[in-house]
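Protein chains in written order, with the numbering used here: chain A, 370 to 1123; chain B, 111 to 194; chain C, 7 to 174; chain D, 3 to 290. Idealized CB from N, CA, C, for every residue including glycine. Just below is one structure, and these are the notes that go with it.
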Amino acid sequence: MTVNRRDFIKSTAAAMAAASIGVTLPGTERKLFADTMTWHKTVCRYCGVGCGIMLGKRDNKVVAIKGDKENTINQGHLCVKAFFLHRVIYAKTRLTQPLIKKNGKHVPATWDEALTLVASKFNEIRQTHGPDALAFYGSGQAETEETYMANKLFRGCIGTNNVDGNPRLCMASAVGGYLASFGKDEPIGTYEDIEKTDLFFLVGTNTAEAHPIVFKRLVEYKNRNPQVKIVIIDPRKTPTDQIADLHIFPQPGYDLPVMHAMAKVLIDEGYIDEDYIQNQVAFADNDKAITFDEFKTFLEAYTPEAAAKMANVDAKDIVKAARLFGQAKTAMSMWTMGLNQRTRGVWANNLVHNLHLLTGKLGVPGSDSFSLTGQPNACGGVREGGGLSHILPGHRVVGNADHRAAVAKVWGVPAERIPAAPGKHTVAMFEALTKGEIKGMYVLCTNPAHSLPNASKYWPGMRDQFLVVAESFYPSATTDYADVVLPAAFWGEKEGVYGCTERRSQHMEKVVEPMGEARWDAFIIRDLAIKMGFEKEFAKYQTAEDIWSEYITLTKGTDMDLTGATYARLKKERGLVWPVPSEDHPGTYKRFTKGDPLYDALPAEKKQGRRMYFYGKPDGRATVFARPAKGPEEPVDAEYPFALTTGRLLEHWHTLTMTGTIPELNRAVPKAFAEINPEDARKLGIADHDLVVVETRRGKLEIPARVIDRPMAGTIFIPMHWREWMVNVLTIDAVDPGSKEPEYKVCAAKLRKA
Amino acid sequence: MPIAGVIIQTDGNDNGQVLEQLQAFKNVYTYGVHKGNSIVAVFDCESSKELKGLADQITEQVQGVMGVYPAYVNYEDEMEQAQE
Amino acid sequence: MFFEKLFSYHEKFLRPPGAVPEKEFIDRCIRCRKCQQICPYQCISPAGALHGDAMGTPVIQAREIPCYLCMKCPPVCPTGALKTDIQKADVRMGVARIDRATCLPFQGIICRACYENCPIYREAITLDQEIYPVVHPEKCVGCGICEHVCPIEPSAIVVESSASRNED
Amino acid sequence: MKSWILRNLTITRRIAQLTILAMMFIIPYLNVKGFTGVIGTFYSMEMMGIPIVDPALCIQTLALMRELYVPLLLAVIIPLLAALALGRIFCSWACPFNTLAEYAQMLRLKLSPNKRIQAHNPAQIGHYLATLCLFMLALVFTFPVITFLSMPGLLTSQAADLVFLGSLGLELGLFLIIILAEVVIGSRFWCKYACPVGATLSVFRTGASLKVTFDASKCTCQKTEIYDCQKACPLSLNPRKKGIYPYCYNCGACIDACQRNGRALSLVFIHQKEHVKPLQRKMEEVNG
């Protein structure tokens, strides 16, 4: 280290200190550029909030990280996970060369060997068993470009719709909910609403831990505006609970009647917006249209008292919650896995939308029904990019022949290559793998052997069939079963776009070269495709921009128009919120209303008297659904008296492939635990830190107890992160009939001291 | 070896005398008095522990100092060491 | 005078829960290691010979392994150096102090490790504005779990032992 | 069994001593593995919930704290009862320092056989003065000096530290100095005069406690002047003469040696029938 460098840091430190009190020290500004370190704009690799990050590079090594002050989402703040994110690049568990399984053991191979093997195996399977014997399982952490390439290879070239991804396990119900209620996927508003609302309605979300930066914004806003109310419906007393004005604790899986009862109170006490309902709302029961009066009749059964009994809560609280919702000028609902990961996930989503539609709290600043996403690019790459078995890029659906033709045209493949029937959704896909119907699978950037519900059921399939895993880290639960493991470039080592919760697409810069022989996933897929004989279709992709530029042509004219979000623009700006129909368009704050280019383009007669027009619906009306209240798939009973629920912690992420490599984070939370209510603990003679056995109909798990009043009596909470304490051997793989999303959040368990 | 940019808040009575006392610390560099009661200074320390100790020491020992508020801390070197 | 010097060099150790005042503790403790051996977390280790008369007395190095307040050690102390009739919440091994210059939330990084892991949950450490951790000395037992879990190196929250030679 | 033990006292004692040496490491190892049925060191132990404290440390704590701490008093009952009945048997059968010192002594004799110390029984006053000095030391410094001078506790705690932490403390240096001094001087001065643990135990010896007696009429060594008993004594005492107490720790080595000769020495309690004056026995023989 040179004296100059130290002097430089000193003058920087002085300049920074002076800047903090609004003073500019003479002569310090120029020196700021003398450092050899350069800062690069990127997006956080963890949750779906989409925080901006600046990565500091010196000598081709990432050495520093800071929150991007110019980013509107996090304004320079980060959570503790992200604070250590750059160190994950240099994790000891980074995979740096291709591996091929020989005699049950992974041995290093060259790229050529590995890709030739995969290509020949895939071609062989395709020829002998048909294209549907192959499948692609992607990720909400893959870049849009990566998902797009896989989509093109499997759908457009191989010819199967067996393209799904882990967002099926987290966001599918929200997609279903948005589509059913509003006709188009993804939220109407953005994070901007947080600082404009009068009431936060948080359902099934532990925002403080799962989306810390959203929570920080929410808290800071409430601290400045004490009149802002926060209502929480969640069976667990999470850290989010601390800021609640009212917290309703329904039995896990029994929150539907609570929301119906709230709707009833809103109607009965006159909090509804008659004008809004008349002009832009339709009513329906499960499958046919009904009238508003029929909806009211349906709600008769859901008096607060009746709902309170079903959910085991206090009827007064339901009335209070409804009144708070009704009295607030604007309201913003937020939810995440607590609603989505349920066999009635779509319905639960609909019921939240109902409250907003009935009171007209939509389409105005501060009011929104806002789903929080779990993964950084679940919205972008998978929901928008068509990474699920029934959808195509640009919010298109597989079932629509025009949609298929449009996509096939851009891909340069025959339209009939893309099958008309949706492929297999995640659980069905792994079931087929286990049955041997799917004989080859390509897993990209995800860890299904750990993250699937009832995971152990699907391990034999992964072991027996030809499994290719493209990963940055080794080993993981899934790579153990892989026949070929391909080393993928990690965040910071590749360029691409992430689309976060608020419809914002943000560009990530490539800061350093990939470790070892690791390569960018999109190019791995390109080269695999070429080896499989699709040179004509794939040889043209030479840069990330090539892929993105092609992808955005597919969004032209759709509700998620990204035509204006070119690489040139994205590199400069802190993301763009679609629709962005042209390069001079600033992005859209609110959809379906004035300011949304699609709304503005509507003929005047359609807009007549309507401040919102839901153009995804034939009549432009959003739907209020009379969904019957239904409990979880596996209710508790005498034999399995506990409701088991799972979730995230602040310090860790998913299956620990990333956060598990950071000693500081492991120090904060070194191992899993089962949260048990003190009352239950006393009955069963369990003390804090005791080993307990949690058993469900699918498996059992020995795990240390954490006796704490967070879960209510009769409920157990286990975080999902650890392979050694894999809670997914317990969870149920029953899925929502609409969204096919599994019910991670509720299953019946029994508990005893080990 | 962390370097910290700090604001030393004084009571504003005799900033010259505070500055004089600060000169006695060999790893403290001052960058003038601003806005009447804020001294911009840089601490150049061997360890974060020393950094903290220095801040405490100044708060306690130097007359007229109301508080030491870090605005920027550079840990790069320490972090590199940790990585190695 | 030599002895006085030899005997007085002594850091402020974190003692196991229920420890009597430091001066008395040094006299009472017979260095039998029973508290160390009964500890299921092995958080107690004997002080080394360089610590003068504290040599062999039980010390908790919270950053390595903190006290999880299982309260198994006070009953095995044969000489009353650890008071046996003490409740978890009444333990006063020390008081945690937060260094705002390094503590992550004060630098704009969301972190709740100390708050979440505090055994006197929501009482000894609370979050000011749900973001900034604050220690309440009247509730803090000084177990050091916060110091152990702090993801910053060195820990931004450190337990200052209540064991002092001068107070009796 | 009992008679075998009595006939082979030294072998039995060696087995007991070595077992204790092994246990010094095995018990901490089991503790580390989670078994805490037996914990502690020779300062203080706890076996299946029953606490035992070294009486010397008990007195030190009582003196320093001037407080009758009841749990502490209860914890010395077992060692005191043992001392009352069997004398300083802890020292000869259990104390790891004595074990090591005995072997050190044997080694020394093997290396230079001529340097055997003449067996004699020192004056009792020496022992009492030494003991008193030790406790005064603790009071003067108002510091638990005895703790650091208790060799059995020091050795067991160091063994535990080695198992628990994988390291040893500087305290071990004290032990090394003492044992080296004993070897050089050739006298077992520490166990006889200095050890606070043994000193305290011998305070509780009564006339009724187990003791070594000598029946001069049976002694066959007088004629040949071999005196195996004196050579056998690890503390270089002369069991044929009076005044071996409070120094003798009832190890039984002399009795074992006498087995091969006239069986003139025996370990007895005072009320036992065998303890009769030689003259009386002679009369009985004549009369009978």
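For residue i, the three-state DSSP class (helix, strand or coil)
| i | result |
| --- | --- |
| Phe137 of chain D | helix |
| Gln191 of chain B | At Gln191 of chain B the pLDDT is 49, less than 50, meaning the model places this residue with poor confidence; the figure from the coordinates comes in the next sentence. Here Gln191 of chain B sits in helix by DSSP. |
| Val392 of chain A | coil |
| Gly126 of chain B | helix |
| Leu88 of chain C | strand |
| Met1095 of chain A | coil |
| Ser542 of chain A | helix |
| Ser738 of chain A | strand |
| Arg992 of chain A | For the record, residue 992 of chain A in the displayed sequence is Thr; it is not Arg. Reduced to three states, the DSSP call for Thr992 of chain A is strand. |
| Ala658 of chain A | strand |
| Gly114 of chain C | coil |
| Asp833 of chain A | helix |
| Thr728 of chain A | helix |
| Glu1003 of chain A | coil |
| Trp408 of chain A | strand |
| Pro22 of chain C | coil |
| Arg118 of chain D | coil |
Beta carbon of residue i nearer than 8 Å to that of residue j
| i | j | result |
| --- | --- | --- |
| Cys35 of chain C | Thr85 of chain C | yes |
| Ala119 of chain C | Pro143 of chain C | no |
| Ile602 of chain A | Asp610 of chain A | no |
| Ala58 of chain D | Ile148 of chain D | yes |
| Met1089 of chain A | Thr1015 of chain A | yes |
| Tyr867 of chain A | Gly749 of chain A | yes |
| Pro124 of chain D | Leu66 of chain D | no |
| Gly115 of chain B | Ala181 of chain B | yes |
| Ser158 of chain B | Pro160 of chain C | yes |
| Arg713 of chain A | Pro536 of chain A | no |
Distance between residue j and residue i (C-alpha atoms, nearest Å)
| i | j | result |
| --- | --- | --- |
| Pro619 of chain A | Val1005 of chain A | 14 Å |
| His629 of chain A | Glu669 of chain A | 10 Å |
| Ile151 of chain C | Ile1072 of chain A | 20 Å |
| Ile641 of chain A | Phe694 of chain A | 10 Å |
| Ile131 of chain C | Val767 of chain A | 53 Å |
| Ala1117 of chain A | Ala1012 of chain A | 5 Å |
| Asp1105 of chain A | Gly707 of chain A | 13 Å |
| Pro27 of chain C | Phe842 of chain A | 52 Å |
| Ala577 of chain A | Asp105 of chain C | 23 Å |
Closer than 7 Å: residue i CB and nearest the ligand FAD heavy atom
| i | result |
| --- | --- |
| Lys909 of chain A | With respect to small molecules bound, the structure shown includes none, and the ligand FAD cannot be examined in it. |
Beta carbon proximity, residue i to chain A, threshold 8 Å
| i | result |
| --- | --- |
| Ala119 of chain C | yes |
| Tyr127 of chain C | yes |
| Lys159 of chain B | no |
| Ala165 of chain B | no |
Contact with chain C by residue i, beta-carbon distance below 8 Å
| i | result |
| --- | --- |
| Thr38 of chain D | yes |
| Glu1020 of chain A | yes |
| Val183 of chain B | yes |
| Met67 of chain D | yes |
| Asp258 of chain D | no |
Any chain D beta carbon closer than 8 Å to residue i
| i | result |
| --- | --- |
| Ser51 of chain C | yes |
Bridge-paired residues (DSSP) for residue i
| i | result |
| --- | --- |
| Met981 of chain A | A:Thr962 |
| Gln875 of chain A | A:Tyr867 |
| Lys1122 of chain A | A:Val1061 |
| Val141 of chain C | C:Ile131 |
Beta carbon proximity, residue i to chain B, threshold 8 Å
| i | result |
| --- | --- |
| Asp3 of chain C | This structure does not reach residue 3 of chain C, given that chain C is present from 7 up to 174, and the question cannot be answered. |
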